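Line order of the protein sequences matches chains S and Z.
Yeah, the first sequence ends on 560 if you go by this note's numbering, and it's all consecutive.
Yeah, the second sequence ends on 489 if you go by this note's numbering, and it's all consecutive.
Note that beta-carbon positions come from the ideal geometry of N, C-alpha and C, so glycine has one too.
Every value quoted in this text rests on a predicted model; they were computed, and no experiment measured them.
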Amino acid sequence: MKLLADRVRPLTGHRLFWPALVLVLMIVANTIYRPGFLAVEVKDGHLYGTPIDILRLSAPLILVALGMTLVIATGGIDLSVGSLCAISGAIACLHISRSPDQNSLSTVFTALALALGAALVLGMWNGVLVAVIGIQPIIATLILMVAGRGLAQLTTEGQIITINSGPYRAIGLGHFLTLPLAIFIALAAALLVAAFTRRTALGLIVESVGGNAEASRLAGIRSRRVIFLVYVVSAACAALAGFMITANVSSADGNAAGLWIELDAILAVVIGGTSLAGGRFSLSGTVLGALIIQTLTTTVYAMDISPQTSLLFKAVVVIAVCLIQSPGFRARFRRRHGGAVPGPAASQREKEQVPA
Amino acid sequence: MSSTSLTTGRTGRPSLPRRHVPVLATLALLLVMYGIGVSQYRAFSNIQVVFNVFIDNGFLLVVAVGMTFVILTGGIDLSVGSVAAMTAMVSAALLQDGLPAALVLVIALLIGPALGLLMGCAIHFFDIQPFIVTLAGMFFARGMCTFISDASIPITDGFWTAMSQERIGNPAGNFVSISVLIAFAVVLVAAYVLAYTRFGRTVYAIGGNSHSALLMGLPVGRTRIAVYTVSGLCSAIGGILLSFYTLSGAPLIAIGMELDVIAAVVIGGTVLTGGSGYVFGTVLGVLVLGVIQTLITFDGSLNSWWTKIVIGGLLFAFILLQRLIGIRFK
Chain S
205 MKLLADRVRP
215 LTGHRLFWPA
225 LVLVLMIVAN
235 TIYRPGFLAV
245 EVKDGHLYGT
255 PIDILRLSAP
265 LILVALGMTL
275 VIATGGIDLS
285 VGSLCAISGA
295 IACLHISRSP
305 DQNSLSTVFT
315 ALALALGAAL
325 VLGMWNGVLV
335 AVIGIQPIIA
345 TLILMVAGRG
355 LAQLTTEGQI
365 ITINSGPYRA
375 IGLGHFLTLP
385 LAIFIALAAA
395 LLVAAFTRRT
405 ALGLIVESVG
415 GNAEASRLAG
425 IRSRRVIFLV
435 YVVSAACAAL
445 AGFMITANVS
455 SADGNAAGLW
465 IELDAILAVV
475 IGGTSLAGGR
485 FSLSGTVLGA
495 LIIQTLTTTV
505 YAMDISPQTS
515 LLFKAVVVIA
525 VCLIQSPGFR
535 ARFRRRHGGA
545 VPGPAASQRE
555 KEQVPA
Chain Z
160 MSSTSLTTGR
170 TGRPSLPRRH
180 VPVLATLALL
190 LVMYGIGVSQ
200 YRAFSNIQVV
210 FNVFIDNGFL
220 LVVAVGMTFV
230 ILTGGIDLSV
240 GSVAAMTAMV
250 SAALLQDGLP
260 AALVLVIALL
270 IGPALGLLMG
280 CAIHFFDIQP
290 FIVTLAGMFF
300 ARGMCTFISD
310 ASIPITDGFW
320 TAMSQERIGN
330 PAGNFVSISV
340 LIAFAVVLVA
350 AYVLAYTRFG
360 RTVYAIGGNS
370 HSALLMGLPV
380 GRTRIAVYTV
390 SGLCSAIGGI
400 LLSFYTLSGA
410 PLIAIGMELD
420 VIAAVVIGGT
430 VLTGGSGYVF
440 GTVLGVLVLG
450 VIQTLITFDG
460 SLNSWWTKIV
470 IGGLLFAFIL
480 LQRLIGIRFK
């Protein structure tokens, strides 16, 4: 028995163990509840089925959560991503809807470039507020969260812009190698971010800034520039997600597009094991977290529960994950079970928060 | 409002205490906006316009008062809008089931503080960030709303309709609703508590430097839990006022209200890092938001989404102002 525990410990100690376990448990529960859950079939040379749907629908969330991971790794938070999704989707759809040939590739690419450019500018705005002026990230991005919805509605003039563009639709619903294109886009983004952060020193720099911005600055890292940059990256990711969300429904709704995606993204990041206090991050954990949330959402829909009520389940998940992650709670739990794990060392890991 | 005398200059020259600058800026902004309104639209000078701002924003005011407590300690409460909606929803559902109004009021007023207490405990005992705990609270409360009912529940109870329709006015025909009086009562109690009680002092002390407060022997944990409970109570009262206002409980009501509330508190001059601010400022902040709405309604050609952009712009201006003051006096 003791031997088994010793063998299992390295496995349970892996930071991706708990999220992966949750995902597996959810899939198992779903399969028991609905035996056809895992069935995947080929139709017109494309794969169809609930697992594929979950992957496709989680693509925007993965994108947003990737940017959010970097922001949170620096000890910040970006509340404006939902609004940015709405703005970028609105600008792209507006441009396409006004062009004579909605199906031309050049139109679609111009639209994407315009929208991405706007998102980058707004990302820079966030970056300036946090890195240069030194406003708390929650509040700095709250401004764009509030005003951004207004801007999105201003762009669409309060209407829902519908478009009929094949190439644009492909971003959300197209297929490549029998799988939805959206999955590849999200995967490419994830690999790109991973390559930049894990194959170069950039990731380490981001973590050091999140650990202690002032110390990093004294150590010769341009903390402000790094912080500025993560908000721009986050905005770019949000813009891509905005394209997918609007392409899925071939319309841009300034009010509803990307609504509450920032909360889902933060949740995905937290579930993935990235500490909200910053200083370390796990991209694979984030992707796993996003998949968990999308599976949860899909499960709740499949059980005929209204989308709003799914929030109830999300609340339970957030609290459970936070409690498990909280050193205080773990220490208490272990003490009760008579474990000799030194709790205080973990719980005393306090950090100096420095406004960059 | 509270300890002005502490920082007044000794030189005799009337110097402006820096912590009053944001509140005075808000007051100036409010007066300018009202001035613009009066100069542009004749009907704007009608005193009922001001009363309507209060009638339409009474619930916002109460919730904002609770948020002021939380922000003064340096925390944040994202659950307020959902808790208000949940309170309205629970009241509507219970009334529909035929429970007496008094009992419904008691139950509705207990749920909010209970949730706040739980959130405060999670924040204090398990050292989880307020942001994420109250986010979960927001999810929970909003989920409960639709769990109770997917559709809007009308309220036909006699007490509720009486509270909703009662007009308290002067002979000239101007009036306010009972909600406004309740909101004022909450404001006065909160202002008194913050300015003159030990609890209020502790709230400011925690916001100034929670570590120092702890070393001074102040009950930091208890107070921190208490402010989230107070915020929950204010959200619950706000929810009741909301149900008076709309005479229904709707699952999607007050979405995004937490942002309006935070904006109101910040525009009212409360510093987000905690430790400085007044309930009076929050009242002004709510008035600013209300007058923006009224101006945009009066204009007619501007669409309602301009409200969000203007609120965002103001939020930016005031945070910048606070930041600049903070840098200058460092």
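When Cβ-Cβ separations below 8 Å define contact, L492/S makes no contact with chain Z.
The C-beta of V350/S comes closer than 8 Å to at least one C-beta of chain Z. Closer than 8 Å to the CB of R381/Z there is not a single CB belonging to chain S. Taking 9 Å as the upper bound on Cβ-Cβ separation, chain S lies near residues F284, F285, D286, I287, Q288, F290, I291, V292, L294, A295, G296, M297, F298, F299, A300, R301, G302, M303, C304, T305 and F306 of the segment 283-308 of chain Z. S420/S has its alpha-carbon roughly 10 Å from the corresponding atom of R428/S.
It is roughly 18 Å from the alpha-carbon of S262/S to the alpha-carbon of H250/S. By the CB criterion at 8 Å, S238/Z and A310/Z fall outside the cutoff. Listed in chain order, the alpha helix (DSSP H) elements of length 4 or more contained wholly in the segment 230-267 of chain Z are 239-255. Shown here, T360/S sits in coil according to DSSP, grouped into three states, outside any helix or strand. Contact check for T441/Z and T227/Z: beta-carbon distance about 5 Å, within the 8 Å limit, so the pair qualifies. In this structure, the straight-line span from the alpha carbon of F457/Z to that of I468/Z is close to 17 Å.
The beta carbon of S407/Z lies closer than 7 Å to those of A251, S311, I312, P313 and I314 in the same chain, with the five residues before and after it left out. Distance from the CA of V208/Z to the CA of Y200/Z, rounded to the nearest whole angstrom, comes to 11 Å. Around the beta carbon of G225/Z, 16 or more other beta carbons lie within 10 angstroms, which makes this residue buried.
Proximity of chain S to N462/Z at the Cβ level (cut-off 7 Å) is accounted for by G362, in chain order. Assignment of L251/S by DSSP, reduced to helix, strand and coil, places it in the strand class.
Cβ atoms of T185/Z and G444/Z come within 8 Å of each other, at about 6 Å.
Taking a Cβ-Cβ threshold of 8 Å, the residues of chain S close to P410/Z are Q512, in chain order. As for any alpha helix (DSSP H) of minimum length 4 sitting wholly inside the segment 390-446 of chain S, the runs are 406-415 and 417-422, ordered along the chain. If you look at D457/S, you'll find it in the beta strand (DSSP E) that goes S455 to D457. Counted as a single uninterrupted DSSP element, the alpha helix (DSSP H) harbouring G398/Z occupies residues V379 to T405. A distance below 7 Å between beta-carbons, with the five flanking residues on each side excluded, links G407/S to the following residues of its chain, in chain order: T401. For I414/Z, same chain residues with a beta-carbon under 7 Å away, outside a window of 5 residues either side, are G240 in chain order.
Its chain contains L283, S284 and S287 as the residues whose beta carbon lies nearer than 6 Å to that of M349/S, once the 5 sequence neighbours on both sides are disregarded; these appear in chain order.
Annotation for F439/Z: no beta strand (DSSP E) segment contains it, though the alpha helix (DSSP H) segment containing it runs V438 to D458.
DSSP places H379/S within a strand segment (E or B) once states are collapsed to three. Against chain S, the CB of A244/Z has no partner CB under 8 Å away; the residue lies outside that interface. The beta carbon of A494/S sits closer than 7 Å to the beta carbons of S262, L265, I266, A269 and A472 from its chain, once the five residues preceding and following it are set aside; these are given in chain order. With its beta carbon at least 8 Å from every one in chain Z, V268/S lies outside the interface.
Check the Cα spacing between N333/Z and each of E325/Z, L446/Z and F210/Z: the tightest is with F210/Z. In the three-state reduction of the DSSP assignment, P531/S falls in the helix class, which pools H, G and I. In the DSSP assignment, F334/Z forms a beta bridge with G328/Z. Around the beta carbon of S455/S, 16 or more other beta carbons sit within 10 angstroms, so the residue counts as buried. The shortest C-alpha to C-alpha distance from T273/S to any of C441/S, H218/S and L220/S is the one to C441/S.
T450/S and C297/S have their C-alpha atoms roughly 8 Å apart. Rounded to whole angstroms, the gap between the alpha carbons of G397/Z and T499/S is 35 Å.
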